[in-house]
Each structure stands twice: as structure tokens, then as C-alpha cells.
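Protein chains: 4
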Amino acid sequence: MSNPAPADDRRYVLSLGTPDRTGIVARISTFLAEVGGSIVEAAYHADPDSGWFFTRQAVRASSVSLSLGELRERFAEVAAELGPETEWTLADSGERKRVVLLVSKEAHCLHDLLGRAAGGELPAEICAVIGNHPDLADVTRAHGIDFHYVSFPKDPAERGPAFEQVRKLVDAHDPHAVVLARFMQVLPEELCAHWAGRAINIHHSFLPSFVGARPYHQAFARGVKLIGATCHYVTAELDAGPIIEQDVIRVDHSYEVRDMVRQGRDIEKLVLSRGLRWHLEDRILVHGRKTVVFS
Amino acid sequence: MSNPAPADDRRYVLSLGTPDRTGIVARISTFLAEVGGSIVEAAYHADPDSGWFFTRQAVRASSVSLSLGELRERFAEVAAELGPETEWTLADSGERKRVVLLVSKEAHCLHDLLGRAAGGELPAEICAVIGNHPDLADVTRAHGIDFHYVSFPKDPAERGPAFEQVRKLVDAHDPHAVVLARFMQVLPEELCAHWAGRAINIHHSFLPSFVGARPYHQAFARGVKLIGATCHYVTAELDAGPIIEQDVIRVDHSYEVRDMVRQGRDIEKLVLSRGLRWHLEDRILVHGRKTVVFS
Amino acid sequence: MSNPAPADDRRYVLSLGTPDRTGIVARISTFLAEVGGSIVEAAYHADPDSGWFFTRQAVRASSVSLSLGELRERFAEVAAELGPETEWTLADSGERKRVVLLVSKEAHCLHDLLGRAAGGELPAEICAVIGNHPDLADVTRAHGIDFHYVSFPKDPAERGPAFEQVRKLVDAHDPHAVVLARFMQVLPEELCAHWAGRAINIHHSFLPSFVGARPYHQAFARGVKLIGATCHYVTAELDAGPIIEQDVIRVDHSYEVRDMVRQGRDIEKLVLSRGLRWHLEDRILVHGRKTVVFS
Amino acid sequence: MSNPAPADDRRYVLSLGTPDRTGIVARISTFLAEVGGSIVEAAYHADPDSGWFFTRQAVRASSVSLSLGELRERFAEVAAELGPETEWTLADSGERKRVVLLVSKEAHCLHDLLGRAAGGELPAEICAVIGNHPDLADVTRAHGIDFHYVSFPKDPAERGPAFEQVRKLVDAHDPHAVVLARFMQVLPEELCAHWAGRAINIHHSFLPSFVGARPYHQAFARGVKLIGATCHYVTAELDAGPIIEQDVIRVDHSYEVRDMVRQGRDIEKLVLSRGLRWHLEDRILVHGRKTVVFS
């Protein structure tokens, strides 16, 4: 667990997954020691179910004599030794990540993310906000951020061009994260594939309960005693992508649906902002349908 | 929220549900004032969804000049005024409630309830424990409580006589609560009906997620970040009865199924013991598929 | 628990505290029934420690034939019957409450409250924001709200005129709540008295732990495993006023002070916004050093 | 986070703290790789405040060709390289740890720990229970465990011989943990020193709030909205030892002290059992007044 790095605390962050075998930690840590890397965070996970090994290591950038490019080149050799299935990234916490938000009419997640970005809590620049309604244009622009309104036809079968327009607006920023901040539109399969591993959604229920539309109405009808929210990567199967973070809040018989909606907002904001920060800090490794989160 | 009444703090507890209209509170509270009732707890709920009104009121028994029988007789007239749909009970907290537990091999809920009963936390006597395995006989008998072992055939189609034997053993105590403390057997429909409103189950997931068998395995496979437990009244539809209480606990990628099983036990114990206590203190009103819990 | 009333759901809210005796509920509810009041929320608390009784009742305004003024006049007679110590208010949820915020440099509570007010979550108008630093002027004005900068001298002994200026700016709005949203200045005793029952502070620790300055540094030094926040009414004794709400969040050995500061913000926002909403909805009754919160 | 190891899953667990410098992870992991160690858990913490580095690594015992004795001998050389301040242990999860419990009259923590030990949740044998009251003898003996009653004089100044007797009864088992399971006696300074790092207490408040006697009465008087419990190592300064674990539970104005006592028990049991398990699994490293918990 750690804060976005201040300027004097730049880090190189290595994330890696590979089939488990003896000596991986030794190989990686020896490499990091050889380049002078002073480790400030290290986390490991050996998954007995899949037989894979995952790690995230952060070294103080100033302790390493190589450039990021050189470091990547050198580490590629280590990764090659670990085998062809090895997946890894080497990120520079000094690089400001780019984020694009997709919104609809609900303002609370947008307000929350804009406030956190302004306050320096998110290690990212919000490049643009795209809405299928114009309602949230003003608050976005008050933060000096571009807002694009894309009109969506009522008939789902005719939404292809609108989604195409969204794709272009998003891709213009080549973002590290595309956040569906209560966007309320189901992404077409090709966009799910195109933004795989970068598109993050907030669903307003404790998945897998209450998939799909109007989850608070479903929760009310079932009489549950807690409501929740789930932040997950978007995949083609609705609300079934790898879960990043979840949380719940207590309700009781006195809560009408509108009370659940209000209470739920607080959880949605928290869960989405946590999940997005972990994504931007390279703390999440996806394997199959599940996530390893080195929070 | 209140403790089991000590001997000098006996209460009469009125629970009532009726279609909502103006003047119900006035009618009931005027009645209670007329009989001298000193109210120590009062809770109300007007449900806009169903149009019903629910209340629970506890008065100090020593403040009322009438016997419980007389009080019931007198209140029946008030209830009649409120209309034929009115449902009500008038309980005496000085009466020791009777509880029968159904168990299998898992010991944690049994240990927990026996410990709470011994410590005076549950306003009830545990009359008997019935197991479809003999494993928990010793710990039960160490508390001076009868244990009955009922052998269940492997073939579900042949379990009728075993359930009949359970029914007889349970009904011999005319219990206020029949607790399925990780019993692991699906009650036949006629037993669900026979013990309606008295049979309480603990399901080891956050319902409606992971209905049915092996919920921790289902949770592991889905990669959820919280696991839960649900205490509910038993109805003929599996794991779909009115929910009394739920809670969750955090897990992460490092939790194997056996870790979830261990962590989950703590939540199962808490949720079941809370739900059972509320039931025994007449804090739960069931309406349709939902509960009003005046905790 | 209930939402701010929509226009078609206006309520009259009666809050009352009085020494306990038999018949209070009957007297009040009979009165409400006589004026046709349809009760949508009712809560009671008989406090054995102080011997006082507290209640909050909300009736649908449209069900009552009298004006608010007439209702108050009529109820004053009932209150008089209940004795001279009786304290009560009768509020109209249709009246938009006025709030003034005092801030310093920290933006998160301000962002959060502005967002909630804009989203209709707070049943109030934020009339003005006053800062002892100019930093938060822009975000305030972007919401169309007046910002006043009042310069505070370094020497605490010389701050009298600055506080006097703050007092005038606040009192110009005759606000229902004066919120110290991370104001970081200790109010002088006469202001505490002047705004008694209306001044609400958020303290960034789980009181009574870590009173005074730099509570996260104190928490870090002590090695606690949870950090918290406390919303309380301001009184002359520092951080010792009646507690309205508290909550905590988990930390561990990996949290530096700056991580606690960031995590703590999420709890501060939640706790302050809950406490303020309850205050504005007349859900809080103060008795001595403690609160009764009918949430 | 991991379960007590089953017989076929024995582990060697290395815990180490040392002043931080580059290459420590490489040195340790290279050593483990050289002896064939298959790492199943690894955790690291570099503490910028103290400048120390902490790690815990668990390797599958069956993957290592050396005996535990040989492994310790070989690792001593590595530790020597890391410098004279290095503190380390190498434990065998196959060794059953020994625990002695000190109790008074309150039964809930004892019930809970006996139940967990019986259910295989605690990787330990409870060797003996010592009480300064005889009340809990029967439940202890029903589990086949020795109970020793030691009478404590009323005058604290005369309790020396009683503590001496407790010391002898405890030390006869050379236990890995001496648990004050609501013992309600302040250990004399020499016993704190004698059992340093092994004596674990459960305090029934969220420390540092409400140090000393009757914390629930203190919490009630202050009107807090959450009550808590704290598991910590015992040191000479009352309730001020390194904190292992804490948790809280919500209360409100309706809770009398006796309700807090009952609710608090659930938290005390959870917090103590978690802390004790982590201690027995060698997951806790103490540095100065704080703990690193690799849970």
C-alpha cells in the first residue's frame, strides 16, 4: 500500500506473472540488486490453483544507474530465461498516466474522480470526459477538462456509429484507463476486446448478485441486509469480468430504493476510486477470470 | 437493541403488523398507557411498498397491573379494531424460549451457540441437538444437553423416515426455534411448512450469490473480494427464504478455499447468533418474502 | 433512515426530549392522530441512565390540515402538559436549510459537500464558504457560491478580529449549520457558545484517541491498526463535544503518515456528510455530553 | 494469509529484520533457491521511518534437502553477512506450538479459543488454563485440559506469591504464547520482562482510548459510536505494548453498558483469536513499540 510517488520519489515498477518454479524470486532480486535497485515495495503470490507465480516490485528510480529503456532491455533477458509464457511490464511512476471517463447523467463518480485528480490523489491526468447525455459538461469544464457529448439513438441496434465516435474520442488520448463511471451503456464486444485490460467499470451491486439493470431494485425486492458495489475489468460477458474491488454498506427494512441509491453512491465512489488507483499504480495482475491485487 | 432481560427486568413484548392508516400508534400507545405500561423500547416501520405498518413495543412487566393472559385478552379487542388482517403476538421475556439445533459434522456454530447459551447471552434453553452424524455428541453432552443421532441414507429418495424421526424429536420440545446450524440437509417441503417461521438456517454465502452447495468453492472460482454469510427463515425454495441478517469479511487473491472456509466460520457464527437472538427476542416480523428487524 | 424529502413528500418533523414517565407516547401520538397526521417515521428512546425520554416523529405534511405555525401553537400545549423541562422542535422538511462552511487549505471535505449539495443529497443550500486561506476560492465559486477570505494572524493572541469577521460573515446567513470542514482553527469560547448546537466539526481521529493536532502522526507513532474520523458538535473543550458519528478504516505497517492522510480523507468525508445530513434532517437530539441519533 | 499447515504441507518459516540496504532480498532468496526451497509465501516491508527491512518467507519443507538444524546453521552465515543487528528466526510449521491461558471469570474468550483449538483452527496445543477464580475449571476440563486455580489476595501488595505460582505453572510448559484471555490482573514488571514477546493480552477497548479499568463504562460515558478491542503484547506500561490487531463494532444511543459488554465480546474473541494465530504462525515482527504483521 503506498501513495502516488512525489517527484523526488520516482519508482520503477516491475509486474510479472509466470508459471511457478524454484528460483524465480532469486533471479529477479539478483537482477535488481545488480543494477543497484533499492526495493521500496515487494509483493509475491504463488497461486496453487493455477500453478502460476506473480510478483510486483518497486525500486527507487534514483538508485538505478540505467535508463528505463535500458532497464527494460536488460530485464527482457531475465524474462526470457523464465520462459515464453512470462508476462511482464516495467513502468515508471514518474510518467503521468492518461485517463478518459465515460459518463451518463449520474454525477457522483465524476465529481469524486475530478476531486481526487485535483487533489493529487490519483497519479493520472483526466484527458477527457465523454457523455451520452450533455448533463455533466459544465462540471467537467469547470475543471478545465474537455467534455464531448455523443448522442446515442434509442434503438440499441443503431448505436454502432455512436460507439465508433466514442472509440475515436477515447483512442485520440491512447489512455491507460477507460473508466465507465456509471456510463449505463453496454459496450459492444469489439470495444471490449479493443480496450481489454484498460476498460474499468463500476457496477452498483455486490457481484455476482444482481447482474444487469437496476440492481438496487433487485436488492430491494430480495430484502438483502447489505448493498454493495463492484469495480471490474470490462469483458464481453456482461458484469462478468475480473473483479478488482468490492465493498458493501448496511441497509435495513426502512430503506426504500431511493435510500439504497443514495447510500450506494458512497460505496460506488470508494470502490471505483480504489480500483482505478490500483490500476494506475500497476498493482493489478489479471490471470484468467481473476485478479491478483498487490494493494 | 437490548440485552436478554434479567429477572428484575421482565418485559411484555408486543409485535404487530397491519395495513397502514392514521391513528394506529395512538390506539396502541393509548392502550398501553391505560394499563400502566412503562415503555422501554418502541420501534415503528411504515412500509410504503406494501402499505403495511409494523411495530414492536416492550413495556416493563412490573408496570402493568394485568396478567399476560388478561393483557392478551384486552389487546385482542384493540387488534380487532385495527382490522381482520392484523397479525400480532404478545410475548413475555420472562419465559425461557426453547431451541432445538440440527447439526452435521461442522462444529463451529454448535460450539458458538452452546457457549453463548452457557454465558447467558441467548434468552433460551437449548433442549436438544440432533445430528445426521454422531461426531458432535460429546461436546453437546459435555454441556448437559441431549444429543440424538439420526442416520440418513445416502439416497435422497430414501430419507423420508429419517426426516420423520427428526420431526418427532424436534416436536417433542415444541420449540420456538429450530436452528439448522450447518445441518447440510435440504428440508423436505412438508417440514418447511410445518416449522414455518421457526426454522432458521445459516447459509455460508452472501445470498442471493452462490445458492446451493459449496458456496466457498463458487466464491473462489468467481474471484470475489468479500465472502459472506446469510441467516434466513427456511422455506420450500432452497436458500430463498426471508433474510434475517447478513455480513461479509474481506478476502484476497491469497485465500485458497480452505482459508475462505476458516474465515467464513467467524462470519457464520456471528450472523447466526445475531439472527437467532433477534428471533428469540421477538424482534423480527416477516411480511411476504422480507423481514422487518427491530434490532 | 430516509432520504431528503422530494417536493411531493414534505414532512413535519417533531423532535422532543423530556423526563420519562408513562403515557408520553400516547399523548403525542393521540395529538398527531387528532390533527390527521400520517406518521411516516417514528423513533423512540428511553434512556435509563438519565431517566429521559426522546422521540422523533415525521408526519406527511399534506395529511395535516393545520399550517406549521398552527401546529406549533397547538403542540406547545401538549409540551406544557409534559412538564417544564420538555425540549422540542417542529420542523418543516420543505424549508431549505442554510449552511455555511469554514475551510482552510484541505479541499476534500469541501469538494465532497459541494458535490452532494449539487446532487441533491443534502437538504440544504450552502450559502457561503469562508477560508483562512484563499486556496479554495476557485472551486467554491465554480459552484456559484460566495467565498470569503479572512486572513488570520500567526499569533493566536491576535486572532480576535479575524474571528469577529468570521462571525459576522456567518451570522449574515443565520445558518442552521456552521460546518468546520477541516478549518484547522480552534474556535474561541464565545463563538462556541454563540453557535452552540449548530457548529459541527470533523476531527480526523477516532475520538477520544488523538485529541488535538496532527492525529495521523499520533496514530502512526502508536502503531494502531485502524484510523478513524469523528463528527461532533463544537464545545469550548477541544474535541470533547457530543459525538454525532464515527467510522474507521483499516491500515497496516506499510502505511506511512501520508498514506494514512489519504485513506483518512475517505472516512472524514463520509463521517462529516452523514453527520451533517442527520443534523439538517433534525435527527439528532443532544442531552448533556451525548447524542441520540435517530438515523 | 494462510491456514495452519496440514501434515502434508509442512513449511519452514524464516522471519527476519535488519537495517535496510540494497541486496538483502537477493541474498536471502538466492540462499533459499540454493537449498531448493520452493517459496509458498513471501512478504517484505521496508520501513522508511526506522530504516529497517523486514521479511517473512515460507518454503515447502519437503522441497528442502537439509534438516531444520542444518538449515539454521547455514542461514546463520547469511544472517552474519547482513550484519550484527540482524534478528531472525527459522520455525517449523510442523512443530505443535504450546499455549497457556490465564483467565478470570469471563468465559467467552476461553470458550472461543477452546473451540478453535478443538476444530484445528489454531496451530497449537493448549497445555493448561490458569484462573484466579475457579469458575472456568469445568469447561476447561471437559476439553481434557488441566485447570489450575491460583487464589489472589485482595490486596495488590500481597499478590507476589500468587504471581510466582502462576509463573511456575506457566513456565513448566515453556510455552510459545501466554495468553491473558480476560485475566483482569496487571502483570508485575518482572513477569512482563520474563515473558517479553510471548505474553499476549486482549484489551476491551480500541486503544489508546480507554486505557485501564472498565473501558465499556468509559466508552458509554463518552458516547462513542463504535466500541473496539485490541490485542497487544504485554509490556510493563499498562495497555501500551505493541498492538497486534484491533477491530470495532457499531453501537448507538440505545446501548446500555451491558449491551456494549455483550457486543464487545464478539469483537474481543475475533481480535484475540486472529492475533494469537498470527503469533503462532510467526507472522508478527516487533520493532520498538510497533508490529509488522505479515497476515
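Chains as they are written, first to last, in this note's numbering: chain A, 78 to 372; chain B, 78 to 372; chain C, 78 to 372; chain D, 78 to 372.
All C-beta atoms, glycine included, are put in the ideal place defined by N, C-alpha and C.
Backbone CA spacing between residue i and residue j [nearest angstrom]
{"i": "residue 99/D", "j": "residue 265/C", "result": "52 Å"}
{"i": "residue 232/B", "j": "residue 239/B", "result": "12 Å"}
{"i": "residue 153/D", "j": "residue 140/D", "result": "20 Å"}
{"i": "residue 228/B", "j": "residue 246/D", "result": "45 Å"}
{"i": "residue 88/B", "j": "residue 117/B", "result": "9 Å"}
{"i": "residue 336/A", "j": "residue 329/A", "result": "10 Å"}
{"i": "residue 121/B", "j": "residue 367/B", "result": "16 Å"}
{"i": "residue 326/D", "j": "residue 157/C", "result": "40 Å"}
{"i": "residue 253/D", "j": "residue 348/D", "result": "19 Å"}
{"i": "residue 208/D", "j": "residue 180/D", "result": "5 Å"}
{"i": "residue 213/B", "j": "residue 182/B", "result": "7 Å"}
{"i": "residue 224/A", "j": "residue 190/A", "result": "15 Å"}
{"i": "residue 177/B", "j": "residue 309/B", "result": "16 Å"}
{"i": "residue 80/D", "j": "residue 123/C", "result": "Low confidence applies here, because residue 80/D scores a pLDDT of 43, under 50, leaving its location unreliable and the question unanswered by this model."}
Residue i, DSSP secondary structure in three states
{"i": "residue 262/A", "result": "coil"}
{"i": "residue 238/D", "result": "helix"}
{"i": "residue 121/C", "result": "strand"}
{"i": "residue 192/C", "result": "helix"}
{"i": "residue 133/B", "result": "strand"}
{"i": "residue 224/D", "result": "strand"}
{"i": "residue 166/B", "result": "strand"}
{"i": "residue 273/D", "result": "coil"}
{"i": "residue 205/A", "result": "strand"}
{"i": "residue 81/B", "result": "Confidence is the limiting factor: at residue 81/B the pLDDT is only 44, short of 50, which leaves the residue's position unreliable, though a coordinate-based value still follows. Three-state result, residue 81/B: coil."}
{"i": "residue 294/D", "result": "helix"}
{"i": "residue 175/B", "result": "strand"}
{"i": "residue 313/A", "result": "coil"}
{"i": "residue 306/C", "result": "strand"}
Contact test: residue i Cβ vs the ligand GTP heavy atom, cutoff 7 Å
{"i": "residue 91/D", "result": "Questions concerning the ligand GTP fall outside what the structure shown contains, since it holds no ligand whatsoever."}
Span of the alpha helix (DSSP H) around residue i
{"i": "residue 182/C", "result": "Run containing residue 182/C: none; DSSP gives neither H nor E here."}
{"i": "residue 350/B", "result": "334-357"}
{"i": "residue 114/D", "result": "Run containing residue 114/D: none; DSSP gives neither H nor E here."}
{"i": "residue 145/B", "result": "145-158"}
{"i": "residue 217/B", "result": "214-219"}
Endpoints, beta strand (DSSP E) assigned at residue i
{"i": "residue 367/A", "result": "367-370"}
{"i": "residue 109/C", "result": "That residue, residue 109/C, is in no beta strand (DSSP E); its alpha helix (DSSP H) goes 101-111."}
{"i": "residue 96/D", "result": "88-96"}
{"i": "residue 324/D", "result": "320-327"}
{"i": "residue 254/A", "result": "254-257"}
{"i": "residue 141/A", "result": "Careful: residue 141/A lies outside any beta strand (DSSP E) and carries neither H nor E."}
{"i": "residue 284/B", "result": "Residue 284/B -> no beta strand (DSSP E), and no H or E assigned at all."}
{"i": "residue 199/C", "result": "Taken as a continuous stretch (DSSP letters only), residue 199/C belongs to no beta strand (DSSP E), as it is neither H nor E."}
{"i": "residue 363/D", "result": "361-364"}
Contact list for residue i against chain G, beta-carbon separation under 8 Å
{"i": "residue 140/B", "result": "No chain G appears in this structure, whose protein chains are A, B, C and D."}
Does the segment 188-202 of chain D come close enough to the segment 126-135 of chain D that 3 or more CB-CB pairs lie under 8 Å?
These segments do not touch.
Which residues, in chain order, does the segment 341-363 of chain D contribute to contact with chain B at a C-beta distance below 7 Å?
Against chain B - using a Cβ distance shorter than 7 Å - the residues of the segment 341-363 of chain D are 343 and 347.
Which residues, in chain order, does the segment 121-132 of chain C contribute to contact with chain B at a C-beta distance below 9 Å?
Taking a C-beta cut-off of 9 Å against chain B, the contacting residues of the segment 121-132 of chain C are 121, 122, 123, 125, 130 and 132, listed in chain order.
If the cut-off is 8 Å on Cβ atoms, which residues from the segment 154-176 of chain D count as contacting chain A, listed in chain order?
If you check each beta-carbon in the segment 154-176 of chain D against every beta-carbon of chain A, none falls closer than 8 Å.
Given 8 Å as the limit, is there contact between the segment 313-333 of chain D and the segment 284-303 of chain C, that is, 3 or more CB pairs closer than that?
Contact between the segment 313-333 of chain D and the segment 284-303 of chain C is present, because at least three Cβ pairs lie under 8 Å.
Does the contact criterion of 3 or more C-beta pairs under 8 Å hold for the segment 179-195 of chain D versus the segment 161-171 of chain D?
Cβ pair count under 8 Å is below three, so no.
Members of the segment 261-280 of chain A near chain D, C-beta cut-off 7 Å:
Those residues of the segment 261-280 of chain A placed with their C-beta closer than 7 Å to a C-beta in chain D do not exist.
Check each residue of the segment 212-231 of chain B: if its Cβ is closer than 7 Å to any Cβ of chain D, include it; give the result in chain order.
Only those residues of the segment 212-231 of chain B whose C-beta falls short of 7 Å from the nearest C-beta of chain D are listed: 219.
Check each residue of the segment 198-210 of chain A: if its Cβ is closer than 7 Å to any Cβ of chain C, include it; give the result in chain order.
Within the segment 198-210 of chain A, the qualifying residues are 198.
Taking only beta carbons into account, state which residues of the segment 97-118 of chain D come closer than 9 Å to chain A, listed in chain order.
Among the residues of the segment 97-118 of chain D, those with a Cβ less than 9 Å away from any Cβ of chain A are 97, 98, 99, 100, 101, 102, 103, 104, 105, 106, 107, 108, 109, 110, 111, 113, 114, 115, 116, 117 and 118, in the order of the chain.
Quick check: the segment 122-131 of chain C against the segment 90-99 of chain C, are there 3 or more CB pairs under 8 Å?
Contact annotation: the segment 122-131 of chain C touches the segment 90-99 of chain C, with at least three C-beta pairs closer than 8 Å.
Just checking, does the segment 303-317 of chain C make contact with the segment 262-276 of chain C on the three C-beta pairs under 8 Å criterion?
Taking 8 Å as the limit for Cβ pairs, the verdict is that the segment 262-276 of chain C does touch the segment 303-317 of chain C.
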